[in-house]
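Colleague:
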Amino acid sequence: MTAIGIVDTTLRDGHQSLWAIKMTTAHMLPAMPDLDTAGFDGMEFTVPQTTFPRALKELHEDPWDWIRLGTQLARNTDLRLHGGPRSLFVAMPSSLESLLLRLLGGYGIRTTRVSDYWNNFPRLAPVLQMLSDHGFRSVVNIVYSVSPRHTVDYYAERTRQAAALRPYRLCFKDVGGLLTPETAAEFMPVIVENAGGIPIEFHAHSNNGMAPYVALMAAEFGIRYIHTAVPPLANGSSQPSVFTVVRNLRRRGFEVDVDLERLERVSEHFALVAEREGLPVGRPAEFDESLYGHQLPGGMVSNFGYHLGQVGARHRMQEVLDETVAVRRELGYPIMITPFAQFVGTQAALNVLTGERYRAVSDEVIRYAMGQFGEEATVEMDPVVRETVLSRQRAVELVEPPPEDVPLETVRAEFGGDFSDEELLVRVLTGMRDGTLDYSASRDGYPRTYEEYRACDGSLLDLLKKLDRARGDGHFSLSLPGLTAAGM
Numbered sequence: 107m108t109a110i111g112i113v114d115t116t117l118r119d120g121h122q123s124l125w126a127i128k129m130t131t132a133h134m135l136p137a138m139p140d141l142d143t144a145g146f147d148g149m150e151f152t153v154p155q156t157t158f159p160r161a162l163k164e165l166h167e168d169p170w171d172w173i174r175l176g177t178q179l180a181r182n183t184d185l186r187l188h189g190g191p192r193s194l195f196v197a198m199p200s201s202l203e204s205l206l207l208r209l210l211g212g213y214g215i216r217t218t219r220v221s222d223y224w225n226n227f228p229r230l231a232p233v234l235q236m237l238s239d240h241g242f243r244s245v246v247n248i249v250y251s252v253s254p255r256h257t258v259d260y261y262a263e264r265t266r267q268a269a270a271l272r273p274y275r276l277c278f279k280d281v282g283g284l285l286t287p288e289t290a291a292e293f294m295p296v297i298v299e300n301a302g303g304i305p306i307e308f309h310a311h312s313n314n315g316m317a318p319y320v321a322l323m324a325a326e327f328g329i330r331y332i333h334t335a336v337p338p339l340a341n342g343s344s345q346p347s348v349f350t351v352v353r354n355l356r357r358r359g360f361e362v363d364v365d366l367e368r369l370e371r372v373s374e375h376f377a378l379v380a381e382r383e384g385l386p387v388g389r390p391a392e393f394d395e396s397l398y399g400h401q402l403p404g405g406m407v408s409n410f411g412y413h414l415g416q417v418g419a420r421h422r423m424q425e426v427l428d429e430t431v432a433v434r435r436e437l438g439y440p441i442m443i444t445p446f447a448q449f450v451g452t453q454a455a456l457n458v459l460t461g462e463r464y465r466a467v468s469d470e471v472i473r474y475a476m477g478q479f480g481e482e483a484t485v486e487m488d489p490v491v492r493e494t495v496l497s498r499q500r501a502v503e504l505v506e507p508p509p510e511d512v513p514l515e516t517v518r519a520e521f522g523g524d525f526s527d528e529e530l531l532v533r534v535l536t537g538m539r540d541g542t543l544d545y546s547a548s549r550d551g552y553p554r555t556y557e558e559y560r561a562c563d564g565s566l567l568d569l570l571k572k573l574d575r576a577r578g579d580g581h582f583s584l585s586l587p588g589l590t591a592a593g594m
């Protein structure tokens, strides 16, 4: 039988897509032993450029706790960084990029998955070289999109370009959940044929209901690694459920060496976390044809609805979605992933709410038109729209000089403290130049087992719920660590 490897995204894309990066170290650690021994080919684990600010500013944790303690428990599975040192356009001097990679490598993280947001793979060559110099293996994303530009021939050419970099693996990435059975049958064989024998992964979001079936097709067409997540952090805008994908693959005759019984315990744990914290549970999505027009990620659509409601304009949501189609065309059909999806959607909302197209333009769209997010924009944009965007004084103010290669000692001096390397990176990535970092939620005694989590993090909440349920007959009794109570 043909073996299919499973890459887990629960601790990265799962909670980023569904929980807005609100999983804490205390939530993660109890699940790590079972995740680590379930038989995954790899686990996506951290994106410092996005997780560090959330950990510090909202969760009040030392962001390195997640990495330091999580890697101590993972002895069997390859934990992955997601993105390169320049992920999500966070500008850092190369000295800091090297420091970040060196520290992560010291914790045993040696694989990452990287993208160019225009699928311009020659531009990734220096990034892959830097990663290789620091001992990292790179999985290179080939991002799927739907537009007149993104044809079968386009993907054949771009796959050859990506393969020419000789990465560890390639990954066919459907971030919008746009592939259908028909388009999967059209594009996947082309990806496999042009990959030059480099192994391929498949990563898809489930926000349009197609990903579980398309993942099965990926295996049929020769893709040997599939990304999944563990419920309740699967489905919805996350990846398909590991339980559904693995069982379907096995029914098709593929060999998948993943222990679903262990993962049932993980699923029960995160379901409890979701209940206690009031976090969403991923649900299978229904197919929505309108997604192929605006192509906005599901989370962005709901976000726009909320913000339009705040200004009394929720009833104009459909106008914004329709305008998104036009703005994307005029901006040259960028792939609708972060940050381009935000650029397009925000500009569409401005056009609708101001009543005049491009009367107000975001700084990001001005910088986009200047080519600061890739030279493709200067070629692919509608020339009239580009001239309109760049004709304002703000465009002059946003001209950026070439980035300087600042030595680490200079960066440290700019932040004004004799910080450890780890604290320096926290301050750089969170913008916290001054003051004491708030690690008030960090502690020595993080729960390491499911039992410890149930005992220490939810005892009061469990008590209140049990008391509430007991009101019906007027009697209750319960026992918690350090507390036994009965009453009427």
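Read left to right, the sequence shown gives residues 107 to 594 (the numbering used here). For glycine and all other residues, C-beta sits at the position ideal for the given N, C-alpha and C.
1. Using CA coordinates, which residue listed in Arg492, Pro386, Gly212 is at the minimum distance from Leu437?
2. Using a Cβ-Cβ cutoff of less than 8 angstroms, which residues in the same chain neighbour Val426 once the five nearest sequence positions on both sides are dropped?
3. Excluding sequence positions up to five away, which residues of its chain have a Cβ less than 7 angstroms from the Cβ of Leu285?
4. Would you grab the beta carbon distance between Ala325 and Ile332 for me? Rounded to a whole angstrom, and I think it's under 8 angstroms.
5. Tell me, to the nearest whole angstrom, how far the beta carbon of Leu535 is from that of Phe242; I am working on the premise that it is less than 8 angstroms.
6. Roughly how many angstroms separate the alpha carbons of Ile472 and Glu383, rounded to a whole number?
7. Would you mind sorting Arg353 into buried or exposed? The rule is 16 or more other CB atoms within 10 Å of its CB.
8. Tell me, which residues are paired with Val113 by DSSP?
9. Just the C-alpha distance for Val485 and Val246, rounded to the nearest angstrom, thanks.
10. According to DSSP, simplified to helix, strand and coil, what is Trp125?
11. Closer than 6 angstroms by C-beta to His188: which residues in its own chain qualify, once you throw out the five before and the five after it? Chain order, please.
12. Between the C-alpha atoms of Gly303 and Gly212, what's the straight-line distance to the nearest angstrom?
13. Since Trp125 contacts Leu385 with CB under 8 angstroms, what's their CB separation in whole angstroms?
14. Between which two residues does the beta strand (DSSP E) carrying Ile248 extend?
15. For Phe479, count the other beta carbons within 10 Å of its own beta carbon; 16 or more makes it buried, fewer makes it exposed. Which is it?
16. Does the beta-carbon of Arg264 have 16 or more other beta-carbons within 10 angstroms, so that it is buried, or is it exposed?
17. Rounded to whole angstroms, what's the CA-CA distance from Ala144 to Thr131? Just pull it up for me.
18. Considering just the uninterrupted stretch of the alpha helix (DSSP H) at Leu100, what are its terminal residues?
19. Determine whether the beta carbon atoms of Arg500 and Phe521 lie at a separation below 8 angstroms.
20. Along the alpha helix (DSSP H) that carries Thr289, what are the first and last residues, could you check?
21. Here's the rule: buried if 16 or more other CB atoms are within 10 angstroms of the residue's CB, otherwise exposed. What is Thr350?
22. Measuring alpha carbon to alpha carbon, tell me which of Phe146, Val372, Leu165 ends up nearest Arg181.
23. How many Å lie between Pro169 and Val532 at the Cα?
24. Under 6 angstroms Cβ to Cβ from Asp171, same chain only, skipping five residues before and after it: list those, please.
25. Less than 8 angstroms between the beta carbons of Val512 and Ser201, yes or no?
26. Sort Asp114, Leu162, Ala419, Thr289 by Cα distance to Gly541 and report the nearest one.
27. If I'm right that Arg358 touches Leu322 with Cβ under 8 angstroms, what's the distance once you round it to whole angstroms?
28. How many angstroms separate the CA atom of Glu164 from the CA atom of Gly176?
Modeller: Result, derived from the coordinates:
1. Arg492
2. Phe410, Leu414, Gly451, Ala454, Ala455, Val458
3. Tyr250, Ala310, Met316, Val320
4. 7 angstroms
5. Going by Cβ atoms, the distance from Leu535 to Phe242 rounds to 18 angstroms, so no, they are not a contact pair.
6. 39 angstroms
7. exposed
8. Gly148, His333
9. 24 angstroms
10. coil
11. Arg118, Glu150, Val153, Arg219
12. 31 angstroms
13. 5 angstroms
14. 243-249
15. buried
16. buried
17. 20 angstroms
18. A question about residue 100 goes unanswered here, because the residues of the chain that appear run from 107 up to 594.
19. no
20. 287-299
21. buried
22. Phe146
23. 7 angstroms
24. Thr131, Ser548
25. yes
26. Leu162
27. 6 angstroms
28. 20 angstroms
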